[in-house]
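Peer 1: Dumping the structure here so I can ask a few things about it.
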Amino acid sequence: MAFLGARARCSAAAAAKVAQRRRLAEDARGPPSPPGSQRAALYVHWPYCEKRCSYCNFNKYIPRGVDEAAVRRCLVTEAQTLLRLSGVRRVESVFFGGGTPSLASPHTVAAVLEAVAQATHLPADSEVTLEANPTSAPGSRLAAFRAAGVNRLSIGLQSLDDTELQLLGRTHSASDALQTLAEARRLFPGCVSVDLMLGLPAQQVGPWLGQLRELLRRCDDHVSLYQLSLERGTALFTQVQQGTLPAPDPELAAEMYQEGRAVLREAGFRQYEVSNFARNGALSTHNWTYWQCGQYLGVGPGAHGRFVPQGAGSHTREARIQTLEPDNWMKEVMLFGHGTRKRVPLGELELLEEVLAMGLRTDVGITHQGASVFVGGSGCAGLSVAGSAVSAPRHLAAENPLPCARRITACPVSQDTAR
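No gaps in the numbering here: position 377 of the sequence shown is 838 in my numbering, and each next residue is one more.
Rendered as structure tokens:
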């Protein structure tokens with residue numbers, strides 16, 4: 462399942478060829494920027510993992526074997542179909558999530574990007590993010606993903622304490638995490654995000670802040686802090702319910718969060734969203750689209766999307782969910798071109814609720830532009846918290862822009878909101 466060794470080297474070479482064809486397609490196209498209603502972000506879900514972490518209830522599967530060529534064909538087909546149905550002419554960002562997408566071969570990533578570039582305009586500097594776990598992302602593999610077209614990494618470190626990592630069911634050690642982080646920063650300078658969890662059972666404020674400070678000595682310009690949520694059906698939930706582990710203390714978790722915010726602020730990070738911190742303009746443009754209620758297409762088992770299917774003649778924004786189970790999803794894609802299981806047309810009230818909920822997650826909040834609610838555009842059927850789907854507020858603009866797709870450039874003050 463983790464395509465390593467000689468097979469990985471062959472895959473990397475194939476991925477590089479596919480990426481080269483994609484760049485040629487981009488150079489040949491390069492149209493002017495289309496209206497907001499014809500722009501979108503693209504999320505691609507890789508549903509497979511090596512093992513299920515004790516806290517995770519995401520849509521993921523631990524198979525005995527994966528027919529990756531078949532999965533790849535279905536991802537490509539569904540991306541092409543949804544791009545056609547949506548009428549999207551420009552994809553602003555692509556995010557490979559999971560699951561553990563770093564277990565997929567670089568060739569699969571390159572094939573999806575090539576299909577997108579052939580179906581619509583995917584600018585050469587678009588942000589292309591891959592979620593990676595340390596045990597499935599050695600340096601040679603990260604280099605192959607870079608050759609395939611990835612230009613930003615999101616690394617699930619979660620903790621720098623080996624005991625906590627074992628509690629969480631992670632497959633890596635703190636040493637593995639730091640080694641992967643160093644390799645990632647070498648290959649993707651300025652374009653690496655890391656996750657750190659807080660509020661674990663028996664976790665204390667002082668040691669956790671020590672982890673955060675150690676991470677700040679080694680990390681790049683983007684950090685995400687996530688509080689543990691005990692989800693029914695997970696191993697950790699069961700252990701707490703049975704009394705094997707103490708329940709997380711919400712007061713301690715709140716203290717960790719507040720102290721962590723202060724430490725990050727002192728290190729030059731700006732909290733631009735509830736859980737996300739960036740410096741040097743290193744916001745996630747993909748997630749920014751979510752928080753601004755921009756359009757996004759969801760490809761892969763269980764993926765979610767929000768877009769107006771203009772290509773099918775509709776003018777109403779829909780919430781879409783793809784079939785969860787991978788084998789059933791693949792059958793539907795082969796039969797119908799996509800595996801959309803649920804479509805919900807969004808009315809004006811639902812759109813307004815999304816704008817309020819998303820806007821309140823950010824440090825910018827909700828502006829008077831929310832009054833343009835029923836005007837058409839790239840936001841929630843035109844309901845845009847801040848205008849363009851990927852523009853950033855001036856005070857979050859890159860101070861020293863780097864050659865990295867996610868670097869946000871300055872924009873008018875009237876445009877705002879983030880994730």
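Beta carbons are placed, not taken as given, at the ideal position from N, Cα and C, and that holds for glycine. Keep in mind that this is a model prediction, so the values were computed, not measured.
Terminal residues of the continuous beta strand (DSSP E) containing residue 614?
Peer 2: Here residue 614 refers to the residue found at position 153 when the sequence shown is read from its first residue. Start and end: 613-619.
Peer 1: State the Cα-Cα distance for the pair residue 579 and residue 768, rounded to the nearest angstrom.
Peer 2: As a first step, residue 579 must be located in the sequence shown, where it is residue number 118. As a first step, residue 768 must be located in the sequence shown, where it is residue number 307. Approximately 20 Å, taken between the alpha carbons.
Peer 1: Please report the residue range of the alpha helix (DSSP H) in which residue 655 lies.
Peer 2: Sequence index remark: in the sequence shown, residue 655 carries index 194 (1-based). Not the alpha helix (DSSP H): residue 655 falls in the beta strand (DSSP E), residues 653-659.
Peer 1: Could you tell me how far apart the beta carbons of residue 779 and residue 806 are, in whole angstroms, since I believe they sit closer than 8 Å?
Peer 2: For this step, residue 779 is matched to residue 318 along the sequence shown. For this step, residue 806 is matched to residue 345 along the sequence shown. Their Cβ separation, rounded to whole angstroms, is 6 Å, which keeps residue 779 and residue 806 in contact under 8 Å.
Peer 1: With which residues is residue 803 paired in a DSSP beta bridge?
Peer 2: Position 342 of the sequence shown, counted from the first residue, corresponds to residue 803. DSSP links residue 803 through a beta bridge to 782.
Peer 1: Nearest to residue 737 by alpha carbon, out of 627, 822 and 599?
Peer 2: Translated into the one-based positions of the sequence shown, residue 737 becomes position 276. The residue with the shortest Cα to Cα distance from residue 737 is 822.
Peer 1: Could you say if the stretch 570-577 and the stretch 728-746 meet the contact criterion of at least three C-beta pairs nearer than 8 Å?
Peer 2: No: fewer than three Cβ pairs fall under 8 Å.
Peer 1: In terms of residue numbering, what span does the alpha helix (DSSP H) encompassing residue 816 cover?
Peer 2: Position 355 of the sequence shown, counted from the start, is the residue given in the question as residue 816. Note, residue 816: alpha helix (DSSP H), 809-820.
Peer 1: What did DSSP end up calling residue 634 once you bin it into helix, strand or coil?
Peer 2: As a working mapping, residue 634 is identified with position 173 in the sequence shown. In this structure, residue 634 counts as coil in the three-state DSSP scheme.
Peer 1: Three-state secondary structure (DSSP) at residue 737?
Peer 2: Here residue 737 refers to the residue found at position 276 of the sequence shown. It is a strand residue.
Peer 1: What does residue 766 pair with, by DSSP beta-bridge criteria?
Peer 2: Counting from 1 along the sequence shown, the entry for residue 766 is found at position 305. Answer is 781.
Peer 1: Might you give, ordered along the chain, the residues of its own chain that have their beta carbon closer than 7 Å to the beta carbon of residue 740, omitting 5 neighbours on each side?
Peer 2: What you label residue 740 is simply residue 279 of the sequence shown in a count that begins at 1. So the qualifying residues of the chain are 682, 729, 730 and 731.
Peer 1: To the nearest angstrom, report how far apart residue 515 and residue 696 are at their CA atoms.
Peer 2: For the purposes of this step, residue 515 is taken as residue 54 along the sequence shown, with counting starting at 1. For the purposes of this step, residue 696 is taken as residue 235 along the sequence shown, with counting starting at 1. Answer to the nearest angstrom: the Cα atoms are 5 Å apart.
Peer 1: Report yes if the CB atom of residue 551 is closer than 8 Å to the CB atom of residue 590, and no otherwise.
Peer 2: To locate residue 551, count along the sequence shown from 1; it is residue 90. To locate residue 590, count along the sequence shown from 1; it is residue 129. Residue 551 places its beta carbon 8 Å or farther from that of residue 590.
Peer 1: Does the beta-carbon of residue 525 have 16 or more other beta-carbons within 10 angstroms, so that it is buried, or is it exposed?
Peer 2: Counting from one through the sequence shown, the residue named residue 525 turns up at place 64. Residue 525 should be labelled exposed.
Peer 1: Alpha carbon to alpha carbon, how far is residue 603 from residue 714?
Peer 2: The sequence position of residue 603 within the sequence shown is 142, counting from 1. The sequence position of residue 714 within the sequence shown is 253, counting from 1. Going by the C-alpha atoms only, they are around 33 Å apart.
Peer 1: Would you say the stretch 665-681 touches the stretch 716-726, given that touching needs at least three Cβ pairs under 8 Å?
Peer 2: yes
Peer 1: Have a look at residue 839 and residue 548 and give me their C-alpha separation to the nearest angstrom.
Peer 2: On the sequence shown, position 378 is the one that residue 839 refers to. On the sequence shown, position 87 is the one that residue 548 refers to. Below a pLDDT of 50, predicted positions are generally treated as unreliable, and residue 839, at 46, falls in that range; the measurement from the model is reported next regardless. Those two C-alpha atoms are separated by around 12 Å.
Peer 1: By the three-class DSSP mapping on this structure, what secondary structure does residue 461 have?
Peer 2: Lying outside 462 to 880, the shown extent of the chain, residue 461 is not represented and no answer is given.
Peer 1: Measuring alpha carbon to alpha carbon, tell me which residue in 698, 653 and 612 is nearest residue 630.
Peer 2: By one-based count along the sequence shown, residue 630 stands at place 169. Comparing Cα-Cα distances from residue 630 to each of 698, 653 and 612, the minimum goes to 698.
Peer 1: As a quick exercise: from 804, 794 and 820, pick the residue whose alpha carbon is nearest that of residue 403.
Peer 2: Residue numbering for the chain in the displayed model covers 462 to 880; residue 403 lies beyond these limits and cannot be assessed.
Peer 1: Would residue 641 and residue 511 be called neighbours here (beta carbons separated by less than 8 Å)?
Peer 2: One-based indexing of the sequence shown puts residue 641 at position 180. One-based indexing of the sequence shown puts residue 511 at position 50. Not in contact: residue 641 and residue 511 (Cβ atoms no closer than 8 Å).
Peer 1: Can you tell me whether DSSP reads residue 685 as helix, strand or coil?
Peer 2: Within the sequence shown, the letter at position 224 stands for residue 685. Reduced to three states, the DSSP call for residue 685 is strand.
Peer 1: With DSSP as the reference, label residue 678 as helix, strand or coil.
Peer 2: For the purposes of this step, residue 678 is identified with residue 217 of the sequence shown, where counting begins at 1. For residue 678, the secondary structure class from DSSP, reduced to helix, strand or coil, is coil.
Peer 1: According to DSSP, residue 551 sits in a beta bridge with which residue or residues?
Peer 2: Taking the sequence shown and counting its residues from 1, the one referred to as residue 551 is at position 90. According to DSSP, residue 551 bridges with 500 and 582.
Peer 1: Rounded to whole angstroms, how far is the Cβ of residue 676 from the Cβ of residue 621, which I believe are closer than 8 Å?
Peer 2: If you number the sequence shown from 1, residue 676 lands on position 215. If you number the sequence shown from 1, residue 621 lands on position 160. The pair is a contact, with the Cβ atoms about 6 Å apart (cut-off 8 Å).
Peer 1: Going by C-alpha to C-alpha distance, which of 704, 674 and 693 sits closest to residue 724?
Peer 2: The residue you call residue 724 lines up with position 263 of the sequence shown. Checking every option, the nearest Cα to that of residue 724 belongs to 674.
Peer 1: Sorted by chain position, which residues of the same chain lie with C-beta nearer than 7 Å to residue 773's C-beta, five sequence neighbours on each side aside?
Peer 2: Residue numbering aside, residue 773 sits at position 312 when the sequence shown is read from its first letter. Around residue 773: 546.
Peer 1: Per DSSP, what are the beta-bridge partners of residue 726 in this structure?
Peer 2: For this step, residue 726 is matched to residue 265 along the sequence shown. According to DSSP, which records beta bridges pairwise, residue 726 is partnered with nothing at all.
Peer 1: Quick check: residue 655 and residue 611, are their CB atoms within less than 8 Å of each other?
Peer 2: Counting from one through the sequence shown, the residue named residue 655 turns up at place 194. Counting from one through the sequence shown, the residue named residue 611 turns up at place 150. No, these two residues do not count as a Cβ contact at 8 Å.
Peer 1: Taking residue 670 and residue 712 to be in contact with their CB atoms under 8 Å, please state how far apart those CB atoms are, rounded to whole angstroms.
Peer 2: Taking the first residue of the sequence shown as 1, we reach residue 670 at position 209. Taking the first residue of the sequence shown as 1, we reach residue 712 at position 251. Incorrect: roughly 16 Å between the Cβ atoms, too far for contact.
Peer 1: In three-state terms, what does DSSP make of residue 610?
Peer 2: As a first step, residue 610 must be located in the sequence shown, where it is residue number 149. In this structure, residue 610 counts as coil in the three-state DSSP scheme.
Peer 1: I need the DSSP call for residue 797, collapsed to helix, strand or coil.
Peer 2: Along the sequence shown, one-based indexing puts residue 797 at 336. Three-state DSSP puts residue 797 in a helix.
Peer 1: In the DSSP assignment, find the unbroken beta strand (DSSP E) run with residue 705 in it and report its ends.
Peer 2: Taking the sequence shown and counting its residues from 1, the one referred to as residue 705 is at position 244. Run containing residue 705: none; DSSP gives neither H nor E here.
Peer 1: The alpha helix (DSSP H) spanning residue 522 covers which residue range?
Peer 2: The sequence position of residue 522 within the sequence shown is 61, counting from 1. First-last for residue 522: undefined, no H or E at that position.
Peer 1: What residue from 790, 636 and 814 has the CA that sits closest to residue 596's CA?
Peer 2: Locating residue 596 in the sequence shown gives position 135, counting from the first residue. Residue 636 is the option with its Cα nearest to residue 596.
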